[in-house]
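Working notes, beginning with the structure itself.
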Amino acid sequence: MHFYFNKQTFLEHKDGELLGISDLKGEHPIYIFYVKKTENNDECEVLHFDWIMSSRVRPMNACEAKDRISRYNPNWVFANELNKETKDKTTHIVCGYFDLIRDTWVEKVVTPILKLKPEDIVASMEMNVVLCTQEFYNDKELYLQNLSVVENLPSYFAFISHEDLSDHLNIKEVFDLIINWYKQEKEEVLSNTTSKGNILVPIRRIADHLKTANVPVVDSEGHSNAQNLIGCLRAHDLIEYCLVDIEKKEMIALDDCHTIDREDIKNNPENFKCASMLNHRFLNIFSD
59 MHFYFNKQTF LEHKDGELLG ISDLKGEHPI YIFYVKKTEN NDECEVLHFD
109 WIMSSRVRPM NACEAKDRIS RYNPNWVFAN ELNKETKDKT THIVCGYFDL
159 IRDTWVEKVV TPILKLKPED IVASMEMNVV LCTQEFYNDK ELYLQNLSVV
209 ENLPSYFAFI SHEDLSDHLN IKEVFDLIIN WYKQEKEEVL SNTTSKGNIL
259 VPIRRIADHL KTANVPVVDS EGHSNAQNLI GCLRAHDLIE YCLVDIEKKE
309 MIALDDCHTI DREDIKNNPE NFKCASMLNH RFLNIFSD
C-alpha cells in the first residue's frame, strides 16, 4: 500500500504555517493516520490524522511509551474525535514521523484493521513511539539542530525563565564550556569517568563561569543558581541527574534507580549522593 505524505496538509501548525526546522526544539512530529485502502489500486485515502511532538528527546521502552500514549487518551479520541466514517472505513493505521531536517516522511508501523477499536490505536502508537524515540535519540543531526534552536532563542527562554542566568549568561557560551571541556580536557575528563564510562559534569568549572559572569550565588527564592543552570542543561539534553553509589563507585541514572535495593538507601543513606553526569545522547554525538 502506498501512503503519500502531503506536507501542505499534514505539517500545518498554527496560523496556517507549516512545521519547520525552526520548530525543532526536541522531537520530529510523530504521526498516526487512519487510512482507507482503495479497491482498484494501491493508493489510500486519509480519513483522519493526529500528531504529537515533545521538546524532550529520550528513548522509550514499551512501558514508557504506554504511559505517554495514555496522556494522549486514545479512548477519548476514539469516542469524541473520530467520526463514524473513520471508524467504519479505516482499513489500516499508518504511523511514523516526518523528518524536518531531511524533509522526508519515515514510515514505521502499518497495521491492518478489520474493525477499528481503541486498542488498535494504542498498540500502533506505542510501537511507533518506541521506534521513533530510539531513532531521535541517536540522530546526531537532530541533536545539533536542537542545540542551535536553543542558541537562537531569547535568553530568558533559553534559560527557562531563570532571570539571574538570562541577565548574565549566553547559552551558547555555556554549551561551548561543556563541549570544549569534554573534547579538550582529556585528563580531567578521565578523572571524572567511572569504570562504566559515566562522566561527572565539571561542577567546579560551571561554578567558576557563573562567578566570572557575576551571577548571584542564589536566586530571589534562595535556590542555587548553579543548580538552576544544571537544570537548564538537563532540559537541553546535555546532562542527566544520577545517584552516586559511593561504596560501589557507580553512577546510576535516575531512570535506572529502580534497580537499586530500596533497603540499601534506607539503611545506608550516607552511601548515596545526587550528582550530574553527561548524558548518553551528548556522548553519542561528541565522542567522535
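Residue numbers for the sequence shown follow my numbering, beginning at 59 and rising by one.
The C-beta atom is built at its ideal place from N, Cα and C for all residues, glycine as well.
Cross-strand partners of residue i (DSSP beta bridge)
i	result
LYS95	CYS102
GLU231	DSSP output for GLU231 lists no bridge partner at all.
PHE107	PHE91
VAL276	SER282
LEU77	Partner(s): none; LEU77 has no beta bridge.
ILE257	THR251
GLU184	Partner(s): none; GLU184 has no beta bridge.
GLU70	LEU76
Test item: CB-CB of residue i and residue j under 7 angstroms
i	j	result
ASN272	HIS220	no
ILE310	LEU336	no
LYS147	LYS230	no
VAL187	MET118	yes
ASN283	ASP197	no
VAL180	ILE110	no
ARG339	TYR195	yes
GLU7	ILE159	Residue 7 lies beyond the stretch modelled for the chain, which goes from 59 to 346, so this question has no answer here.
ASP157	HIS86	yes
GLU165	ALA123	no
ILE171	THR191	no
TRP163	PHE63	yes
PHE217	CYS290	yes
TYR155	ILE88	yes
Same chain only: Cβ atoms within 7 angstroms of residue i, ignoring 5 sequence neighbours per side
i	result
TYR299	ARG292, LEU312, CYS332 and SER334
GLU328	none
THR251	ILE257
Sequence-distant residues of its chain with Cβ nearer than 8 angstroms to residue i (five each side left out)
i	result
ASN204	LEU82, LYS83, GLY84, VAL115, HIS294 and ASP295
LYS145	PHE136 and LEU174
PHE344	ILE237, TYR240 and LYS241
PRO274	ASP222 and ASN283
Run of the beta strand (DSSP E) containing residue i, from where it starts to where it stops
i	result
MET335	330-336
MET309	308-311
LYS166	162-170
Extent of the continuous alpha helix (DSSP H) to which residue i belongs
i	result
GLY289	283-293
ALA265	261-270
VAL208	198-209
ASP303	Taken as a continuous stretch (DSSP letters only), ASP303 belongs to no alpha helix (DSSP H), being part of the beta strand (DSSP E) at 297-303.
TYR62	That residue, TYR62, is in no alpha helix (DSSP H); it is neither H nor E in DSSP.
PHE156	Element bounds for PHE156: not the alpha helix (DSSP H) but the beta strand (DSSP E), 150-157.
THR144	142-147
LEU248	244-249
PHE136	132-138
HIS226	221-226
ARG114	Element bounds for ARG114: n/a, residue is neither H nor E.
SER213	213-216
ASP319	Counting along the chain, ASP319 falls outside any alpha helix (DSSP H), and DSSP gives it neither H nor E.
Same chain only: Cβ atoms within 6 angstroms of residue i, ignoring 5 sequence neighbours per side
i	result
LEU91	The displayed chain sequence assigns Phe, not Leu, to residue 91. Excluding residues within five positions, the ones whose Cβ falls inside 6 angstroms are VAL104, PHE107 and VAL152.
ASN228	none
THR169	ILE151 and SER182
SER213	SER224
ASP100	MET59 and HIS60
ILE288	SER334
Min CB distance residue i to chain B below 7 angstroms
i	result
GLY74	In the displayed structure, chain B is absent; only one protein chain is listed.
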